[in-house]
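Read in order, the letters of the sequence shown correspond to residues -12 to 224 in our numbering. Okay, structure first, notes after.
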Amino acid sequence: MSLFPPLAGTVARRRLYLLRHGHVTYYDADGKPLNPKLAALTGRGREEAQAAAALLAGVPLDRVLCSGLARTRQTAEPIAERHGLAVEHHPAFLEIRAGRLSGIPKESREAAYVYGFETATEGGLFAGGDGFAAVRDRAVSAIEALVRQPGWTHLALVAHDGVNRMLLAWACGAGLSALSTFEQDYGCINIVDIDVKEGRILRRMIRAVNVTPANPVKIGLHRSSLEEAFGPLLDLD
-12 MSLFPPLAGT
-2 VARRRLYLLR
8 HGHVTYYDAD
18 GKPLNPKLAA
28 LTGRGREEAQ
38 AAAALLAGVP
48 LDRVLCSGLA
58 RTRQTAEPIA
68 ERHGLAVEHH
78 PAFLEIRAGR
88 LSGIPKESRE
98 AAYVYGFETA
108 TEGGLFAGGD
118 GFAAVRDRAV
128 SAIEALVRQP
138 GWTHLALVAH
148 DGVNRMLLAW
158 ACGAGLSALS
168 TFEQDYGCIN
178 IVDIDVKEGR
188 ILRRMIRAVN
198 VTPANPVKIG
208 LHRSSLEEAF
218 GPLLDLD
């Protein structure tokens, strides 16, 4: 007997809507880095959150989760409000953190920050900060616990660029080598179906990746998420 109502026409399938938060700015007016923990949605980010909420309005969501940081909570709230749900905070989905700028020589910044996901390994660190494997293990353990929990069929989780990439890599079984491939634009939606029977995860299927409701054909979205987030660091002293 299933612990949740499965998706119509299936025996034991549930659906995860995995979102990246809307647009934020990580730099002040002088181009100096801000504390990323305090980053809040910009006007563009709020529009992206509303567009995602509108697209998901017809989905019978049972739960809406976020990592707990303001930018994920502000993206999740319009989605939850349309369904009469409270936003649940799950810090296991907090973003992977890069190391301090002072610890990376200027000539190595581009490789470490902007293209750091291209060299993700089990023993590697992201720009001298968090270990890739440690964050992957944290996020995957949390998602596997969630998909084994009873009582939901459709769940929305608003998380972050790097964590989303890790969860998509988990979904397709590709490992850390796939991180650089799964681009995650601001406000995007990914869809993953998961078969769970008697507490066992039988299979994972990716239905959609990096869908941007506010800009479906990605007009003007030419830079990668890491080029946008870390590019300004390259010229700082």
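All C-beta atoms, glycine included, are put in the ideal place defined by N, C-alpha and C. Remember, it's a predicted structure, so these values are computed and weren't measured experimentally.
Task: Cβ neighbours of A63 in the same chain (closer than 6 Å, five flanking residues each side left out) - done: V51, C53, V74, V145
Open item on the list: Helix, strand or coil for A143? Go by DSSP, reduced to three states.
Closed with: strand
Open item on the list: From the DSSP secondary-structure annotation, give me the bridge partner or partners of L3.
Closed with: L142, V179
- [ ] Measure how close the beta-carbons of P200 and I176 come, nearest whole angstrom, since I'm counting them as under 8 Å.
- [x] 7 Å
Open item on the list: From the DSSP secondary-structure annotation, give me the bridge partner or partners of G118.
Closed with: L112
Open item on the list: Between E214 and N197, how many whole angstroms is the CB-CB distance? I'm expecting something under 8 Å.
Closed with: So it is not a contact: roughly 15 Å between Cβ atoms.
Open item on the list: With three or more beta-carbon pairs closer than 8 Å as the criterion, would you say the stretch 90 to 108 touches the stretch 126 to 134?
Closed with: no
Open item on the list: So, with DSSP's three-state summary, where would you put K19?
Closed with: coil
TODO: Count the other CB atoms, across all protein chains shown, that sit within 10 Å of the CB of N151; report buried if there are 16 or more and exposed otherwise.
DONE: buried
Open item on the list: Counting beta carbon pairs with one atom in the stretch 82 to 91 and one in the stretch 39 to 50, are three or more of them shorter than 8 Å?
Closed with: no
Task: Three-state secondary structure (DSSP) of G75 - done: One detail in the question is off: residue 75 reads as Glu in this sequence, not Gly. If DSSP states are grouped into helix, strand and coil, E75 belongs with the strands.
TODO: Tell me where the beta strand (DSSP E) around N202 begins and ends.
DONE: Neither: N202 is in no beta strand (DSSP E) and is coded neither H nor E.
TODO: Indicate whether L220 and R96 have their beta-carbon atoms separated by less than 9 Å.
DONE: yes
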